[in-house]
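What follows is a set of notes on a single structure, which appears directly below.
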Amino acid sequence: MEPTSSVSVIATLVLGFLTVSTLAGYIPPGPKYKCPDRNLIWPCVCPSTSDDGLTLKCEEVSMATLAAAMAYARTTVTPIESLQIFNLNTEKLYGKLFSGVNITSIRIENSPISFIGPDIFFPLRNTLLTLELIGTRLQTYPNDAFESLESLVTLTLDHHNISSLDPVITGLGSLKNLQISNGNISSFQKATFSARGKLLRLDLHGNQLTTIPKDAFQNLKNLEYLDVAWNHFDKLDPGYFFHLSRLTWFNASHNEIPEFKRGAFARNGFLRVIYLTHNKMAKIDAAAFRGMRLLTRLYLSDNQIADVGRGAFNSLQRIKTIDLARNKLKLVDYQMFMKLPFAEELIMSENEITKIKQGAFQELAYCVVNMSHNQISMIEKQSFENCVNMTVLDMSHNLIDNFTKAAFDENSYPNEWRLEYNKLKLTGDIPLKFMAGIKILNVSHNELREVNKNTFPKLYEMHTVDLSWNNISKIHSAVFINLFSLRNLNMSHNSLTDLSGSAFGAVPTLLDLNLDHNNLTTVSNAAFSRMASLRELSVANNRMKKVFQISGSLNGLNLANNEITSLSKAWPTMNALQRLDLSGNQLGGNLPGGAFDNLGALSKISLADNNITEVPADALSTLTTIQYIDLSKNALVNLSRAAFGRLPIVFELLLSQNQINSIEPRAFDGMLQLLHLDLSQNDLKSIPMGAFSALNAMRILNLSRNSIERTDNSTNSLFEEALSLLTLDLSHNKISSIHAHTFPELRWTKFKLDSIDLSHNNLMIIKKEILKGTKTVTKLNLSRNKITEIKMSVLGNMTTLQDLDLSHNELSFLDATILGPPPALKSLNLEGNYLRKFPTEVLNKAPFNYLNLGSNRIKLFNVDFVPKIKNGSRIILKDNPIACDCRLIFLKRHFQELRPKLTNFSQEYFQDFHDFKCKGAVDTVENMEENELICDYLEDPFSPKIPINYDVEIRSLSHDGQNLDVKWRVKSKMDILGFQLELLDDIAGSIVDTETFSYTERMSKTPLKGKTADRVCLVPKYSSDDGLTPNQKVNKVCHKLENIVAESVYGKGSSGVKILHIFNLILVGILVKLF
């Protein structure tokens, strides 16, 4: 090819590509349809879209408000893939709601619908695939409403009041899934489903059915799923299902079926799952399941089955689950479970089984066998034959005290064997001889007295043994050495008194050993010497007098609550101990220097509750890696200078619940990295300056529950050297006033104090001194003091404050000049004061998300709370004498709208309103009727201050002297079925004209010829009484008509018409008066 030709070909291709690209235009990524602005589809929202259309979710709506969203889809020709309607407030579903709209799926949930018009779904006959009506009041099956839906694939009617079905369900030519559940259907006719040949799933659960007409399902050749649970069937007649040759899933649980008849499913060869739980079956015939070669799941629990015919399950060669729990079985009979190669679960728990017979379990593998909570006391020879690698064998909660020799043959063993809560007395009676693959053994809560010498044969995979909660007092020598993979051994809650050097022998793989709650007094130094991998050892709650030699590999040692009085040199030269708990012993003053020698890796030590009277500085001095020290619950009285010596990396020091009454200056010298210091619950009355010197890194200081009266000396703060202090707890002390130096503040030093707790003190007045040292505070707790006054502008100047607690004080007055409020305040607690009102200005200035005004003396609900509450703020008003007036209507409506929804608001947000009662009311505001909330005071209840929610609103009003144009919108989610437009003559006191409109209409063009009107009113019509609601003045909206001069008998609009009309009325009035 010539070069010129190549260039021309390439040029042609490029030009073609550019031409196609230009013509096609740019196609943005993402779904074809985008969610519109929410205002266009109100009251619905659009949570998602796809190439097939919008998903619209509409909650607490009426037919009228829903029509607005449908109007958008109609005018923009936008398909709706899924329309989800929750709490539709209508009793009648009818009209042209879906006219001109393309919808694929509709779900209506929780609606009082009792009537569905024949025309409502007709516009969707070719597009609707799924229709779900859940929680309605339908009395009859609306056949005429559904029969036109020739494309419908799934129809669901759940939780309804339908008591009968039509002789024939017509139409619905594409229907594959039909659910009519949780209703009152007691019967249907033979031909009811005769036209449903394509049906794959039929769900009739939760009705009142007692029988199925013969051949009722004869045309359902393709049916795969049938659910008739929670009815009142008293038999399973083979004729019921004779024609369902493709049935794979069947549920008849929660009925009254007394027996499983032979041949009930003889013609249902594809059946895979059967649920027959909670019936009254007493027996299973030996031939009951013949022919069900594909059955995989059989659920027969919660019946009265006492007898299972021999070999009843043998034909179920593909069975995976057999559930016989909670029946009345007395034994597991010979060959009851034999050659079930695919079995995964065999459940017989909570029966009355006393015996397992020979050959009961044969040829099982990788199966869970659950026989817990029975009365098994006898397990015959060869009960388990060729049961290789059972996943779990649960025989817990029985009466087993021994096993017959050879109860398990040489090929039978479980991975996990549960024998807890039985009557076993000897570990040697547990037949472990051939269980080479067992991994977990639980024999807790038995009556074992000792661990016998030959308990464990050589087992290479067992890693966990639980022998806790027995009465074991003796362990024979080296009893565990044959467990070559043992990792976890629990022997807590037994009666061991001593451990010899050979008690455990060489168990090099053991990681965790628990010996808590025994009666151990002595442990040989060699007891753990051959446990090379031991990491965690717990010997708490025993009667140990001294510490034994530990393994060098040990990381954690728990010796809490023993009787140790001194520490000998028990720590090996080389060890890995990181955590040591010696709390609850009797060490007292017996902690000399060197007590913790060789613990070079120790990071955490607890010496709590040891009656220690002096800080064991010498003993602690060798712990160069220590980070956490617990000396709480001791008898320390004084902390001298450098009381703890040099411990440069200690992060946390707990000294609570001692008797400390004196702290010397520089008491904590040498603790350069201390972050958390707890001195709570001591006897401190004062703390000298310099006590916390050198604690530059300290972030948390707890001085609560002492008797401290002040924390400064009039010139300096006690905390000035705690440069990193974030949290200061001074609660439960005797502080009566805050001084200029109570909190640290220095000109050239920037402190970081974030949280202060001064609750439970004796504060009475909050003055400007609180501003000193609190510039960075975000949380301030002043609750449960005696505060009666807060000086002006004090709190408002705490610019970083976010959480303020002033609850349970004696405040009776607050205004904006007192509260400020702090500009960052999010949480304010004023519960338990004497306030009569809360300043509106504060609400508008602060970004509250929590305001607690409970247990005060507030008498009127502040409507300015409503916007805050709607934005998710928690405003608590319970236990106030608030008047039961119309102001509360808007609070009530807000929570009524939210409660059925899945919102992001917390449960506490709803609980605040749920508990709220107004003065004199028996019930909560939530349960009161709106007409009980009446404004009977002089202030106009419908003034702009009271945000009345009208059900309708006039958007625009115009006229040209001949026609009146009115447009309106629907704001309420009440059941509005239409509107009435009224023209009123105020002087004559009469209605000039009326016009009615359907719920889908939003505008009117009314001729004015021959009419004189002063006002136009829009009145919504409701389904309940086809008239106004009891609170009519809230819902009837009227507007004055300015300068309307209608064409009349006097000629076309002149200014004299109206005057003449008025004159005539006056003249008539005079004549009536005279004559």
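If you use mature numbering (1 follows the signal peptide of the UniProt record, and there is no 0), the sequence shown corresponds to residues -24 to -1, 1 to 1051, in order.
Cβ coordinates follow ideal geometry from the N, Cα and C atoms, glycine included.
- Remark: C-beta atoms of residue 221 and residue 253 do not approach each other more closely than 9 Å.
- Taking a contact to require three or more Cβ pairs closer than 8 Å, the segment 386 to 396 and the segment 415 to 432 qualify as touching.
- For residue 315, there is no enclosing beta strand (DSSP E), as DSSP marks it with neither H nor E.
- Excluding five sequence positions before and after residue 292, the CB atoms of its chain that fall closer than 6 Å to its own CB belong to 265 and 271, given in chain order.
- A direct Cα-Cα distance of roughly 16 Å separates residue 405 from residue 352.
- Assignment of residue 746 by DSSP, reduced to helix, strand and coil, places it in the helix class.
- DSSP links residue 439 through a beta bridge to no other residue.
- Judged by their CB atoms, residue 122 and residue 97 are nearer to each other than the 9 Å cut-off.
- DSSP places residue 841 inside the alpha helix (DSSP H), whose first and last residues are 841 to 846.
- The beta-carbon separation of residue 258 and residue 233, rounded to 11 Å, does not stay under the 8 Å limit for a contact.
- Taking all protein chains shown into account, residue 15 has fewer than 16 neighbouring C-beta atoms within 10 Å of its C-beta and is therefore exposed.
- Residues of the same chain with a CB within less than 6 Å of the CB of residue 733, apart from the 5 flanking positions on each side, are 705, 707 and 757 in chain order.
- Considering only 713, 996 and 910, the residue with the shortest C-alpha distance to residue 736 is 713.
- Taken in chain order, the whole beta strand (DSSP E) runs of length 3 or more contained in the segment 83 to 171 are 106 to 110, 130 to 134 and 153 to 157.
- For the 9 Å CB-CB criterion, residue 826 and residue 811 do not form a contact.
- By the Cβ neighbour-count rule, residue 286 is exposed, with fewer than 16 other Cβ atoms within 10 Å of its own.
- Taking 9 Å as the cut-off, the Cβ atoms of residue 486 and residue 515 do not count as close.
- Taking C-beta separations shorter than 6 Å and ignoring five residues to either side along the sequence, the partners of residue 618 in its chain run 645 and 646, following chain order.
- Excluding five sequence positions before and after residue 793, the CB atoms of its chain that fall closer than 7 Å to its own CB belong to 768 and 769, given in chain order.
- The continuous alpha helix (DSSP H) containing residue 885 extends over residues 883 to 890.
- With contact defined as three or more Cβ pairs closer than 8 Å, the segment 70 to 88 and the segment 100 to 107 are in contact.
- Every unbroken stretch of the beta strand (DSSP E) spanning 3 or more residues and falling wholly within the segment 589 to 653 is given here in chain order: 604 to 606 and 628 to 630.
- In this structure, the alpha-carbon of residue 319 lies about 7 Å from that of residue 340.
- Around the C-beta of residue 508, fewer than 16 other C-beta atoms lie within 10 Å, and the residue is accordingly described as exposed.
- Among the bridge pairs identified by DSSP, residue 935 is matched with 940.
- Sorting 378, 1016 and 837 by C-alpha distance to the C-alpha of residue 934 places 1016 at the top.
- For the set 638, 136 and 871, the Cα lying nearest the Cα of residue 615 is the one of 638.
- The segment 740 to 759 makes no contact with the segment 679 to 692, as fewer than three CB pairs between them are under 8 Å.
- Nearest to residue 129 by C-alpha distance, out of 113, 135, 106 and 136, is 106.
- One Cα belongs to residue 721, the other to residue 754, and the distance between them is close to 16 Å.
- Cα atoms of residue 358 and residue 384: separation of roughly 6 Å, rounded to the nearest angstrom.
- The C-beta separation of residue 370 from residue 387 comes to about 20 Å, leaving the pair out of contact by the 8 Å criterion.
- Sorting 987, 983 and 946 by C-alpha distance to the C-alpha of residue 960 places 987 at the top.
- When the five nearest sequence neighbours on each side are left out, the beta carbons in the same chain lying within less than 8 Å of the beta carbon of residue 806 are those of 782, 783, 787, 790, 814, 827, 828, 829 and 832, in order along the chain.
- For residue 857, the closest of 901, 165 and 884 by C-alpha to C-alpha distance is 901.
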